[in-house]
Amino acid sequence: MTGRTMDLRPPAVRRRVADARERTRLVQICLLAAICLSAAWSAAAWRLRDARADHELAVTRADEVLRVERELADITERFDDAGRRLGVWRRCSIPFGASSILASIANDLPDSGTLERVEFDAPSLITSAVRGGRVRSDVDSMRRIETEIEGFTATDADVAVFVEALRRRPLFRDVRVESTRHRSIADRTARAFRIVFEIDLETASPVIATAIAPGGDE
Amino acid sequence: MSIRSIFKLRRTPPLGVEFCEHGLRLVQVGATSDEIRRAVFVPFESNGDVDPGRLRAALRGFRGRDAVVAPPRADITVRPARLPLLVDAELREAARWEAAGLLEIDASDVVADALPLSSETDAEGRTEMLVVAASASGLEQRLAPLITAGLRPIALEPAFFGAGRAFTVRSRRQQEQHEIRVVVDVSETESWIVVTRGDRLMFAKRSDVGGAAFDAELAAGLGIEPATARRTRLDGRDRTLDPEVLAEVMTAVRRAGASLADEIAMAVRYVTVTTRLGRPQALHLSGEAGATPGLQETIESSIPGIPVESASFVEQRLEAASSTEDSTPLEWAAAFGLAIRPMTRRGKEAA
Numbered sequence: 001m002t003g004r005t006m007d008l009r010p011p012a013v014r015r016r017v018a019d020a021r022e023r024t025r026l027v028q029i030c031l032l033a034a035i036c037l038s039a040a041w042s043a044a045a046w047r048l049r050d051a052r053a054d055h056e057l058a059v060t061r062a063d064e065v066l067r068v069e070r071e072l073a074d075i076t077e078r079f080d081d082a083g084r085r086l087g088v089w090r091r092c093s094i095p096f097g098a099s100s101i102l103a104s105i106a107n108d109l110p111d112s113g114t115l116e117r118v119e120f121d122a123p124s125l126i127t128s129a130v131r132g133g134r135v136r137s138d139v140d141s142m143r144r145i146e147t148e149i150e151g152f153t154a155t156d157a158d159v160a161v162f163v164e165a166l167r168r169r170p171l172f173r174d175v176r177v178e179s180t181r182h183r184s185i186a187d188r189t190a191r192a193f194r195i196v197f198e199i200d201l202e203t204a205s206p207v208i209a210t211a212i213a214p215g216g217d218e
Numbered sequence: 219m220s221i222r223s224i225f226k227l228r229r230t231p232p233l234g235v236e237f238c239e240h241g242l243r244l245v246q247v248g249a250t251s252d253e254i255r256r257a258v259f260v261p262f263e264s265n266g267d268v269d270p271g272r273l274r275a276a277l278r279g280f281r282g283r284d285a286v287v288a289p290p291r292a293d294i295t296v297r298p299a300r301l302p303l304l305v306d307a308e309l310r311e312a313a314r315w316e317a318a319g320l321l322e323i324d325a326s327d328v329v330a331d332a333l334p335l336s337s338e339t340d341a342e343g344r345t346e347m348l349v350v351a352a353s354a355s356g357l358e359q360r361l362a363p364l365i366t367a368g369l370r371p372i373a374l375e376p377a378f379f380g381a382g383r384a385f386t387v388r389s390r391r392q393q394e395q396h397e398i399r400v401v402v403d404v405s406e407t408e409s410w411i412v413v414t415r416g417d418r419l420m421f422a423k424r425s426d427v428g429g430a431a432f433d434a435e436l437a438a439g440l441g442i443e444p445a446t447a448r449r450t451r452l453d454g455r456d457r458t459l460d461p462e463v464l465a466e467v468m469t470a471v472r473r474a475g476a477s478l479a480d481e482i483a484m485a486v487r488y489v490t491v492t493t494r495l496g497r498p499q500a501l502h503l504s505g506e507a508g509a510t511p512g513l514q515e516t517i518e519s520s521i522p523g524i525p526v527e528s529a530s531f532v533e534q535r536l537e538a539a540s541s542t543e544d545s546t547p548l549e550w551a552a553a554f555g556l557a558i559r560p561m562t563r564r565g566k567e568a569a
């Protein structure tokens, strides 16, 4: 008793009020817990919705990546197949227009001349470095065809005219007469010859021809 | 306004519930001021009981359901006694046993508390106290309809505590703790003389003189029925009576109130001697019959030097309550005092 307050409540009333207050407090705590749970539930639902959207996006992107990878693998396979086919074709085909070269040589041949043998040798196209081996730096990297022609004409002058004609061809380089000899054909004399030259495929390529300016500047 | 006050949690103030002669007075003040925000009078049923349904309907508009209740004045007994200077539960227990002996009733059915009048003890360690007691079962019976209606009584105080507190609402500061006041709460059937020091109640005494005694004296003097005399006395509060009738009322009040005035004078002397506090600075009248014409003059003549004055600050607040009913502001003083009971920690309060 302080003189400021007094409390004459009977014990039963005190207990009843205390019980009511505890019930109220319990209800308040439950209410607060329910509000917190609702808030947590809402936040979780919101995050779940976001996560589901992210997952769907990720699945879509993954499908896209898998599709692209499949396409890439398909393209790679097709590329390899094309490479294999090209290799096979290279192995079994002549890498230049032999008929047009033969036609050019035949046009330059004098009237008295006859071609007996034309041989094209393309070692620079066939030879490749062994894997792991050293590439010789002195090997000419130019793509060229070594050509050898055998035949005969009536005179040495015709052989000379023929050689001059071949030298005027821009594709033929290093045209030289390996040998000439006397030969009798049907009781008539003739001059057999063997001429060697190289065909420059780099110059012959139409792509290089357009890339190089007439003055020689790239 | 400080930063702390902005973030301070404000408890909803309790309702002050006073059992008066004809019903319940319910008052609630605002959370931030002592101004009355709602006041309702709930009349008793014809058999004198509280109707829980009617009370529940009346509670609409009040905030919270905590209530400080004052039981009917007749349910409370106050006796002087000499008890050891104990505190809290021990003092209540000692007061309970003392009250059981004084009232000659079963101690298990008694709730009691004690109001020390002095801090000085005798050779046996005892001091003068007022034992305030009531029947536990009787109080439970009184509170049952209130609890049924949804109220939660957080304290049960005598009505005179509320009346005394209402007039000490401006005496809470440290420099006002030595101000001594006398509050006389005059109800229809009895009166309570309360002496306060600062915001503490120091002494309380019951008197049999109330409004009914004035009515009986007036009825005998004028040869009229007591009910008519009561109506005449109530009209006299507003000074609307003929001067001759008003003079008769004041004469009757002077005769009937003489014994009350004597008891007030005795109480003032007793407090002055026992507590050695000095003379009171002022006396305030409250209660249903506190505004009876002639009563103030009667009391003033018995305690010369102590002015009987109105507390304008309190009456200004009580005006808001009296506007709800055909009543005077002073009738609401006890309920208002209950409503402004200081908040205590719940754990301490439960103890």
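Residue numbers (this note's numbering), protein chains in the order written: chain A, 1 to 218; chain B, 219 to 569.
Built from N, CA and C at the ideal position, the CB exists for glycine as well.
query	result
Exposure label - Val130 (chain A); buried when at least 16 CB within 10 Å	Bear in mind that the predicted position of Val130 (chain A) carries a pLDDT of just 47, short of 50, making it unreliable; the figure below should be weighed with that in mind. Looking at its Cβ environment, which holds fewer than 16 other Cβ atoms inside 10 Å, Val130 (chain A) is exposed.
Burial state of Glu506 (chain B), where buried means 16 or more other Cβ atoms lie within 10 Å	buried
Cβ neighbour criterion (16 or more within 10 Å) applied to Gln395 (chain B)	exposed
DSSP beta-bridge partners of Glu346 (chain B)	B:Arg300
Candidates B:Asp340, B:Ala341, B:Ala354, of which the one nearest Val329 (chain B) by Cα	B:Ala354
Contact between the segment 283 to 294 of chain B and the segment 366 to 383 of chain B (3+ Cβ pairs under 8 Å)	yes
Within 7 Å of chain A by C-beta, residues of the segment 395 to 417 of chain B in sequence order	Asp417
C-beta atoms of Phe280 (chain B) and Leu233 (chain B) nearer than 8 Å	yes
Interface flag, Phe379 (chain B) vs chain A, CB-CB below 8 Å	yes
Cβ separation of Gly555 (chain B) and Gly382 (chain B), assumed to be a contact under 8 Å, to the nearest whole Å	7 Å
Which listed residue (B:Val404, B:Asp293, B:Leu361, B:Ile558) has its alpha carbon closest to that of Ile482 (chain B)	B:Val404
Range of the contiguous alpha helix (DSSP H) that encloses Ser264 (chain B)	Here Ser264 (chain B) belongs to no alpha helix (DSSP H), and DSSP marks it neither H nor E.
Straight-line Cα distance separating Ala33 (chain A) from Leu26 (chain A)	10 Å
As assigned by DSSP and simplified to three states, the class of Ser520 (chain B)	helix
Reference Val161 (chain A), options A:Val88, A:Leu48, A:Pro110, A:Asp54, closest by Cα	A:Pro110
Chain A contact for Leu273 (chain B) (CB, 8 Å cutoff)	no
Short Cβ contact (8 Å threshold) for Glu316 (chain B) with Leu301 (chain B)	yes
Residue environment, Ile411 (chain B), which counts as buried when at least 16 other CB atoms sit within 10 Å	buried
C-beta neighbour in chain B for Pro8 (chain A), strict 8 Å	In the sequence as displayed, the identity of residue 8 (chain A) is Leu instead of Pro. It does; some Cβ of chain B falls within 8 Å.
With 16 other Cβ atoms within 10 Å as the buried cut-off, status of Ile195 (chain A)	buried
Proximity test, Cβ basis, 8 Å: Arg61 (chain A) and chain B	no
Neighbour list for Val17 (chain A) in chain B, Cβ cutoff strictly below 7 Å	Arg370, Pro371, Ile372
CB contact check: Ala20 (chain A) to chain B, cutoff 8 Å	yes
Proximity to Asp121 (chain A) [Cα-Cα], best of A:Ala103, A:Thr147, A:Ala98	A:Thr147
Bridge partner(s) assigned by DSSP for Ile35 (chain A)	Bridge partners of Ile35 (chain A): none, in fact.
Residue interval of the beta strand (DSSP E) (run including Asp108 (chain A))	No beta strand (DSSP E) contains Asp108 (chain A), which is instead part of the alpha helix (DSSP H) from 98 to 108.
Complete runs of the beta strand (DSSP E) confined to the segment 493 to 518 of chain B [at least 3 residues]	500 to 504
Gln246 (chain B) burial status per 10 Å Cβ neighbour count (16 or more: buried)	buried
Span of the alpha helix (DSSP H), counted from its first residue to its last, around Thr366 (chain B)	354 to 366
Spatial neighbours of His203 (chain B) in its chain, beta-carbon cut-off 7 Å, leaving aside the 5 residues before and after	Since the first and last residues shown for chain B are 219 and 569, residue 203 (chain B) lies out of range.
Meets three-Cβ-pair contact criterion under 8 Å: the segment 359 to 369 of chain B and the segment 266 to 283 of chain B	yes
Any chain A beta carbon closer than 8 Å to Trp315 (chain B)	no
Contact set between the segment 344 to 361 of chain B and chain A, restricted to residues whose Cβ is under 7 Å from the partner	Val350, Ala352, Ala354, Leu357, Glu358, Leu361
Chain-ordered chain A contacts of Arg169 (chain B) [CB-CB under 8 Å]	There is no way to answer for residue 169 (chain B), as the model of chain B reaches only from 219 to 569.
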